[in-house]
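Chains A and B, in that order, are what the protein sequence lines are. Heads up, the first sequence is in our numbering, so the first residue is 1 and it goes up one at a time. Heads up, the second sequence is in our numbering, so the first residue is 1001 and it goes up one at a time. We treat Cβ as the ideally placed atom computed from N, Cα and C, and that holds for glycine. Worksheet for the structure shown next.
Protein chains: 2
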Amino acid sequence: MPDFKFNIFARDKESYARAGEIITPQGIIKTPAFIPVGTKASVKSLNRRQLEEIGVQCFFVNTYHLYLQPGEESVKKLGGLHQFINWQKPLMTDSGGFQIFSQARNNKFGGVKAKVGEEETLCRIDEEGVSFKSFKDGSTHRFTPEKSIEIQKKLEADIILAFDECTYYPATHEYAKKAMERTHQWAQRCLKIPLGPKQSLYGIVQGSTFKDLREESAEFIASLPFQGLAIGGVSVGESKKQMVKVLDWVVPLLPERKPRHLLGVGEIDDIFQLAERGIDSFDCVMPTRLGRMGQLLTKDPLKKKFSFQITKSIYKEDKRPIEEECGCYTCQNHSRAYLNHLFRSNELLAYTLATYHNLWFVERLMEEIRTSITKGTFLKLKKEWLNN
Amino acid sequence: MPDFKFNIFARDKESYARAGEIITPQGIIKTPAFIPVGTKASVKSLNRRQLEEIGVQCFFVNTYHLYLQPGEESVKKLGGLHQFINWQKPLMTDSGGFQIFSQARNNKFGGVKAKVGEEETLCRIDEEGVSFKSFKDGSTHRFTPEKSIEIQKKLEADIILAFDECTYYPATHEYAKKAMERTHQWAQRCLKIPLGPKQSLYGIVQGSTFKDLREESAEFIASLPFQGLAIGGVSVGESKKQMVKVLDWVVPLLPERKPRHLLGVGEIDDIFQLAERGIDSFDCVMPTRLGRMGQLLTKDPLKKKFSFQITKSIYKEDKRPIEEECGCYTCQNHSRAYLNHLFRSNELLAYTLATYHNLWFVERLMEEIRTSITKGTFLKLKKEWLNN
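Shown next, in the form of structure tokens:
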């Protein structure tokens, strides 16, 4: 995989934080990097030009959704995800596993019920793979590690993920161990498949909330020839304290030279915690989903709050932008009053303007974090933002 | 009203078509002009920059909607519509009447029922004005000519409309005459109110489908000191043939020197009919609403069709843009296949990309029409487009 490189430029002296770059054939991702989510091959409400203006370096597409619509064969015929979307920067896809487990659980269609952790769900897991029902039409499908990689090859994202089992929280130690072992076997199977010429594969550390399992998983996954290492299962039903614990167990066991991705985490306070613990990239729906709900990101260290709800009546005649100093299109052009009106009127423009601001906010924070690591002022910046 | 001027540059020798410009204090509108609709102070899904790129010269905001949310007092406190929206080009508002009559008819709330034309509705019309219930919360409101103008003054659009009664189709001659006479009285009352310093007022010709009433109304409204003249009631339940008839009756009775606006009409074939009959501007939800429904505008004279439905499965793997020669952002960046996917996935970006293309399509058509009038080739252009 000569096209994939990870360079570390600076390390914080007082923490595990590090600044660097992931080089992929489609472009460079400066780290630590926030990776917005574009579930169905679109970062909701924004076009390519807006994503580029905001400074989005890479975004995350969900394999499960694209497998169902339009189908990986169609994406392949259309030249792969980059051409399909017209996005010539890096892209990441997941294995599909997370969505299969979580969507099957909420599936409205009847069908196979099997134990997953402690819960009844509409998918059946065996050592070979997972059978599940589509959330779209109830049809039956089967994913295996081989199938997941084959689909991801057709999608042609630059960074792809091994097929894993993400257990629900809380899981028993017995079940979490079984799921972790299955994840390790699947990881080895994923590695046997030749990837697309420009693709890199990340392995996933699981182990739920158990120190011994997390350590075992970190050591095992780290021992395999993945290009990068992801940590999974941290976003599912756990507290922020537990996330920090898992990172404290896992990261010291991961090799320095490989990039580390944290799956599904990224609230503002989390971002400092994970950067401090040496995470290089992370994906999260937070800024985009909050935006569509009218929850706008702001920096307010005194109140330890990072957002406000624009639909509140106090903003009805507020002429100020979301943030006075913000350079984003939304803040440069529109008042809180107009946004309040657009949200109250269910106008589509509301979602675009709010998402634009929220992503801009997180991207500027990531720039600040990268600069602070280089300058040796990361913990100072963290204190300034988190007021502690 | 020294700031409002209408200049005619060119007249077609074979028809009533004319090309010119409406000069308002906020800017120039080249005519014939298409005026997109931004009902709630937003042309749905597009931001200011996109509207400017497309070449939108002016857009139409509905007084009734803004009266209910956020309220004209709030808009006034926020500096008027231009500042509220951040749109420094011309804007038009209607009187609120059309929405009151049509929304009251479909009102889900109980309340006053009264005859309007032949129909039972939830608003009561008397000689003074109209009482109606809000579609938002069922509360009771009253509009009079004076109230409509007062609201439109607070909104501060450049071109505003007199308060009229738009009768439903089909109406009896008796009722249509009564409604027309009321509209004429209301027109005179509207003219008595001093407007905002940068505003101009258009009168509205009514008279339903009756030649004698349309002629009477055209002559009466033309005799009043309005800055421009609008033709109403043409979009309500009438056929395209009837629209042409009404224009043929009315337009010859309107003075040459005043701009003429047609309310609520603007399908592609209509555009040629109304330009040919000397209409200078018209507003219509067609391109924006069709866009959100996945109906994309194209030029196909052989089939006499001007749109196709992008959600059809034949476009699933179609790599071409909507139109090969189109210069719009959507066509320059995205394939039919990606649009098909976005619509099938209910992605917000679908609505933006489709609306952008459809508005661009109509704005380019309007440019072609203006140029053809200047060059004396309007009827040739019409033939080329309509294939007849």
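Self-check item: Supposed close pair A:A176, A:S208 - CB separation, criterion 8 Å
Solution: What you label residue 176 of chain A is simply residue 176 of the first sequence in a count that begins at 1. What you label residue 208 of chain A is simply residue 208 of the first sequence in a count that begins at 1. Rounded, the Cβ-Cβ distance is 4 Å, consistent with contact.
Exercise. Give the secondary structure of A:D3 by DSSP, where H, G and I count as helix, E and B as strand, and everything else as coil.
Key: Start at 1 with the first residue of the first sequence, and residue 3 of chain A comes out as number 3. Note: A:D3 maps to coil in three-state DSSP.
Quiz item: What separation, rounded to the nearest whole angstrom, lies between the Cα atoms of A:T39 and A:T167?
Solution: As a working mapping, residue 39 of chain A is identified with position 39 in the first sequence. As a working mapping, residue 167 of chain A is identified with position 167 in the first sequence. Roughly 21 Å between the two C-alpha positions.
Quiz prompt | Chain-ordered neighbours of B:N1047 on chain A, where CB pairs are closer than 8 Å | solution = The sequence position of residue 1047 of chain B within the second sequence is 47, counting from 1. What B:N1047 touches in chain A: Y329, N333, L349, T352 and L353.
Practice problem: For the region 50-77 of chain A, enumerate the residues whose C-beta is nearer than 7 Å to any C-beta of chain B, in chain order. | Solution: Within the region 50-77 of chain A, the qualifying residues are Q69, P70, S74 and K77.
Practice problem: Could you tell me whether any non-hydrogen atom of the ligand MG is closer than 6 Å to the CB of A:N358? | Solution: Of the ligands one can find in the structure shown there are none, so the ligand MG has no counterpart to examine.
Quiz prompt | One or two residues paired with A:H261 in a DSSP bridge | solution = What you label residue 261 of chain A is simply residue 261 of the first sequence in a count that begins at 1. For A:H261, which the question treats as bridged, DSSP gives the partners A:A230 and A:S281.
Quiz item: What number of angstroms, rounded off, separates the C-alpha of B:I1174 from the C-alpha of B:D1126?
Solution: As a first step, residue 1174 of chain B is located in the second sequence; it is residue number 174 there, counting from the start. As a first step, residue 1126 of chain B is located in the second sequence; it is residue number 126 there, counting from the start. Here the sequence assigns Glu to residue 1174 of chain B, which means Ile is not the residue at that position. Here the C-alpha atom of B:E1174 lies approximately 16 Å from the C-alpha atom of B:D1126.
Quiz item: Would the beta-carbon of B:G1278 fall within 7 Å of that of B:V1251?
Solution: Here residue 1278 of chain B refers to the residue found at position 278 of the second sequence. Here residue 1251 of chain B refers to the residue found at position 251 of the second sequence. In this structure, B:V1251 lies closer than 7 Å to B:G1278 by Cβ.
Exercise. Using a threshold of 7 Å, state whether the C-beta atoms of A:D318 and A:R336 are closer than that.
Key: Position 318 of the first sequence, counted from the first residue, corresponds to residue 318 of chain A. Position 336 of the first sequence, counted from the first residue, corresponds to residue 336 of chain A. Yes, the pair counts as a contact, with Cβ atoms nearer than the cut-off.
Quiz item: How many angstroms separate the CA atom of B:Y1064 from the CA atom of B:G1096?
Solution: For the purposes of this step, residue 1064 of chain B is taken as residue 64 along the second sequence, with counting starting at 1. For the purposes of this step, residue 1096 of chain B is taken as residue 96 along the second sequence, with counting starting at 1. One C-alpha to the other measures close to 4 Å.
Quiz prompt | Helix, strand or coil at A:M92 [DSSP, three-state] | solution = The residue you call residue 92 of chain A lines up with position 92 of the first sequence. DSSP places A:M92 within a strand segment (E or B) once states are collapsed to three.
Quiz item: Apart from the five residues just before and just after B:L1263, which ones in its own chain have a Cβ nearer than 6 Å to its Cβ?
Solution: Taking the second sequence and counting its residues from 1, one reaches residue 1263 of chain B at position 263. Contacts found: A1230 and G1232.
Quiz item: Taking 7 Å as the CB-CB limit, is B:H1082 close to chain A?
Solution: To locate residue 1082 of chain B, count along the second sequence from 1; it is residue 82. Not closer than 7 Å to any Cβ of chain A, the Cβ of B:H1082 fails to qualify, so no.
Exercise. Using a Cβ-Cβ cut-off of less than 7 Å, list which residues of the region 188-220 of chain A approach chain B; keep chain order.
Key: The residues in question: there are none.
Quiz item: Per DSSP, what kind of secondary structure is A:C408 in: helix, strand or coil?
Solution: Because chain A here runs from 1 to 388, residue 408 of chain A falls outside it and cannot be looked at.
Quiz item: Is A:N358 close to chain B, meaning its C-beta is less than 7 Å from at least one C-beta of that chain?
Solution: Start at 1 with the first residue of the first sequence, and residue 358 of chain A comes out as number 358. For A:N358, the answer is no, since every Cβ of chain B falls outside 7 Å of its Cβ.
Quiz item: In whole angstroms, what separates the C-alpha of B:D1012 from that of B:I1035?
Solution: Translated into positions along the second sequence, residue 1012 of chain B becomes position 12. Translated into positions along the second sequence, residue 1035 of chain B becomes position 35. Their Cα atoms are separated by approximately 22 Å.
Quiz prompt | Cβ-based neighbour list, A:E215, same chain, cut-off 7 Å, excluding 5 preceding and 5 following | solution = In the first sequence, the residue the question calls residue 215 of chain A occupies position 215. The answer, listed in chain order, is W249 and L253.
Self-check item: Contact the region 1069-1088 of chain B vs the region 1313-1327 of chain B: 3+ CB pairs below 8 Å
Solution: Touching, no.
Quiz item: Should A:K312 be flagged as near chain B, meaning a C-beta pair shorter than 7 Å?
Solution: One-based indexing of the first sequence puts residue 312 of chain A at position 312. Not an interface residue.
Self-check item: Positions along the region 1254-1283 of chain B whose CB lies within less than 7 Å of some CB in chain A
Solution: For the region 1254-1283 of chain B, the beta-carbon criterion of a distance under 7 Å to any beta-carbon of chain A is satisfied by none of its residues.
Quiz item: By a C-beta neighbour count over all protein chains shown, 10 Å radius and 16 as the cutoff for buried, is B:F1009 buried or exposed?
Solution: Translated into positions along the second sequence, residue 1009 of chain B becomes position 9. Exposed, because fewer than 16 other Cβ atoms sit within 10 Å of the Cβ of B:F1009.
Quiz item: What number of angstroms, rounded off, separates the C-alpha of B:E1118 from the C-alpha of A:F101?
Solution: What you label residue 1118 of chain B is simply residue 118 of the second sequence in a count that begins at 1. What you label residue 101 of chain A is simply residue 101 of the first sequence in a count that begins at 1. Any reading at B:E1118 must be qualified, since the residue scores a pLDDT of 39, below 50, and its modelled position is unreliable; the value itself is stated next. Each residue's alpha carbon lies about 58 Å from the other.
Quiz item: Under a Cβ-count criterion, where at least 16 other Cβ atoms within 10 Å of its own Cβ denotes burial, should B:N1388 be classed as buried or exposed?
Solution: By 1-based counting over the second sequence, the position of residue 1388 of chain B is 388. The residue is exposed, with fewer than 16 neighbouring Cβ atoms inside 10 Å.
Practice problem: Give the straight-line distance between the Cα atoms of B:K1113 and B:K1147, rounded to the nearest whole angstrom. | Solution: Position 113 of the second sequence holds residue 1113 of chain B. Position 147 of the second sequence holds residue 1147 of chain B. Here the model assigns B:K1113 a pLDDT of 42, short of 50, so the residue's position is not dependable, and the following value carries that caveat. When rounded, the distance between both Cα atoms is 22 Å.
Exercise. Starting from B:I1231, find everything on chain A with Cβ-Cβ shorter than 8 Å and list it in chain order.
Key: Along the second sequence, read from residue 1 onward, the residue named residue 1231 of chain B stands at position 231. Around B:I1231, no beta-carbon contact reaches into chain A at under 8 Å, the shortest distance being about 29 Å.
Practice problem: Kindly identify the DSSP beta-bridge partner or partners of A:F143. | Solution: Locating residue 143 of chain A in the first sequence gives position 143, where the first residue counts as 1. Residue pairing of A:F143 in beta bridges, as defined by DSSP: A:V130.
Self-check item: beta strand (DSSP E) segment containing B:A1033, residue limits
Solution: To locate residue 1033 of chain B, count along the second sequence from 1; it is residue 33. That run of the beta strand (DSSP E) goes A1033 to P1036.
Quiz item: Along the chain, where does the beta strand (DSSP E) that runs through A:A157 open and close?
Solution: Within the first sequence, the letter at position 157 stands for residue 157 of chain A. Under the DSSP assignment, A:A157 falls outside any beta strand (DSSP E); it carries neither an H nor an E label.
Practice problem: Establish whether the CB of B:K1136 and some CB of chain A are separated by less than 7 Å. | Solution: Here residue 1136 of chain B corresponds to residue number 136 of the second sequence, with the count starting at 1. Not one chain A Cβ lies under 7 Å of B:K1136.
Exercise. Below 8 Å between beta carbons is the criterion; list the residues of the region 145-157 of chain A that meet it against any residue of chain C, in chain order.
Key: Absence of chain C from the displayed structure is noted, the protein chains being A and B.
Quiz item: Tell me the DSSP bridge mates of B:G1080?
Solution: Numbered from 1 along the second sequence, position 80 holds the residue referred to as residue 1080 of chain B. The secondary-structure analysis by DSSP pairs B:G1080 with nothing; it has no beta-bridge partner.
Practice problem: Could you spell out the range, first to last residue, of the beta strand (DSSP E) harbouring A:A19? | Solution: Looking up residue 19 of chain A in the first sequence gives position 19. Run containing A:A19: R18 to T24, per the beta strand (DSSP E) assignment.
Self-check item: Outcome for B:G1327 when other beta-carbon atoms lying within 10 angstroms are tallied against a minimum of 16
Solution: If you number the second sequence from 1, residue 1327 of chain B lands on position 327. Per the 10 Å Cβ criterion, exposed.
Quiz item: Roughly how many whole angstroms lie between the Cα atoms of A:F132 and B:E1323?
Solution: Residue 132 of chain A sits at position 132 when you count from the first residue of the first sequence. Residue 1323 of chain B sits at position 323 when you count from the first residue of the second sequence. Distance between the alpha carbons of A:F132 and B:E1323 is about 40 Å.
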